[in-house]
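Counting from 1, one number per residue, gives the positions in the sequence shown under the UniProt record's numbering.
We put the CB at the ideal spot given by N, CA and C, even for glycine.
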Amino acid sequence: MTMPDTSQKIKRDPERTRQRILAAATEEFAERGLSGARVDSIARRADINERMLYYYYGNKDQLYTAVLEDVYLAFNRAEHALNLDALAPLAAVSALAHFIWDYYAAHPELIRLINNENLHEARHMHESPQIRALVSPIVDMLASILKRGEASGEIRSDVDPVHLYVTISALGYYLMSNRHTLATVMGRDLMAPDARSAYTAFNTQVLLDYLRVK
């Protein structure tokens with residue numbers, strides 16, 4: 001019996017192959033970090049041979065950078081799908097914050113990859129202008145919301161959009177990054193639906209109370 005030639009299928013559909021490799025590499029790097037991840041394991045997950053993986057992505061570090069770019073691109077696309085211009089300024093900030101916190105909760109692999117990249121002092125992100133370009137537009141969007149709020153008299157005039165974005169991100173990131181240790185030392189699962197809902201409401205109130213013109 002003649003076995004199907006999978007290499008021909010791969011050659012006919014290179015984009016699908018790239019996505020399979022990226023999906024497999026995302027799982028491997030998120031689970032094991034850059035140092036612990038193995039190229040042969042990624043190849044097995046993607047159901048290809050290692051030679052094909054190197055053909056598409058060069059080496060392990062280049063593949064890792066491609067994974068970082070891919071997860072940030074997915075995050076960026078989801079952010080830009082929000083219709084924040086249709087909302088009043090404070091409601092727009094709240095909607096953006098809730099989106100970011102929900103996205104982190106739904107994509108723990110993003111948190112793990114960021115944690116790992118911080119261990120490597122963001123070396124791969126420094127080498128990727130694409131990642132920086134993906135983050136800047138959402139900060140610009142937030143700056144526009146702040147300007148609208150300032151003009152309408154709803155939002156104070158001294159808010160730095162970068163500081164605000166970092167704070168919004170941190171409020172969701174810290175919970176996801178430290179949820180296991182927090183559950184142990186606090187004796188409370190902050191990711192349980194009721195607890196997470198209460199935590200979201202608390203953080204939202206903190207943000208809006210700071211932004212409002214007193």
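With a threshold of 6 Å on Cβ separation, who are the neighbours of residue i within its own chain once the five nearest residues in sequence on each side are excluded?
| i | result |
| --- | --- |
| A37 | E28 and F29 |
| E79 | I138 |
| G33 | N116 |
| A183 | D189 |
| K60 | V39 |
Helix, strand or coil: how does DSSP classify residue i here?
| i | result |
| --- | --- |
| residue 275 | A question about residue 275 goes unanswered here, because the residues of the chain that appear run from 1 up to 214. |
| R212 | strand |
| residue 221 | Since the displayed the chain opens at 1 and closes at 214, residue 221 lies outside it and no answer follows. |
| L171 | helix |
| R188 | coil |
| I48 | coil |
| R38 | coil |
| N76 | helix |
| A88 | coil |
| N203 | helix |
| L82 | coil |
| D13 | coil |
| G58 | coil |
| T6 | Its pLDDT being 49, under 50, T6 is placed unreliably by the model, and the measurement read from it follows with that caveat. The answer is helix: DSSP assigns T6 an H, G or I state. |
Once the 5 residues before and after residue i are set aside, which same chain residues still bring their CB inside 8 Å of it?
| i | result |
| --- | --- |
| T204 | S94, A97 and H98 |
| R20 | A46, D47 and I48 |
| P14 | Y56 |
Buried or exposed: which applies to residue i, given that a residue is buried once 16 or more other Cβ atoms fall within 10 Å of its Cβ?
| i | result |
| --- | --- |
| G149 | buried |
| P129 | exposed |
| Y174 | exposed |
| F202 | exposed |
| T181 | exposed |
| L211 | buried |
| A192 | exposed |
| G172 | buried |
| V71 | buried |
| L164 | buried |
| A43 | buried |
| A133 | exposed |
Would the C-beta of residue i count as close to the ligand NAD, meaning under 7 Å from any of its heavy atoms?
| i | result |
| --- | --- |
| I114 | Of the ligands one can find in the structure shown there are none, so the ligand NAD has no counterpart to examine. |
Skipping 5 residues on each side, what residues in its chain have a beta carbon closer than 7 Å to that of residue i?
| i | result |
| --- | --- |
| A81 | none |
| A143 | P161 |
| L87 | A95 |
Task: Stretch-stretch touch, CB-based, cutoff 8 Å, three pairs: the region 40 to 59 with the region 107 to 118 - done: no
Task: In chain order, each alpha helix (DSSP H) run of at least 4 residues that lies wholly inside the region 91 to 140 - done: 108 to 119 and 123 to 126
Task: Cβ pair count under 8 Å reaching 3, the region 62 to 70 against the region 116 to 127 - done: Three or more beta-carbon pairs drawn from the region 62 to 70 and the region 116 to 127 are found closer than 8 Å, and the two stretches are therefore classed as touching.
Open item on the list: Assess contact between the region 185 to 197 and the region 153 to 169, defined as three or more Cβ pairs (one per stretch) separated by less than 8 Å. Is contact present?
Closed with: Contact fails between the region 185 to 197 and the region 153 to 169, because fewer than three Cβ pairs, one in each stretch, are under 8 Å apart.
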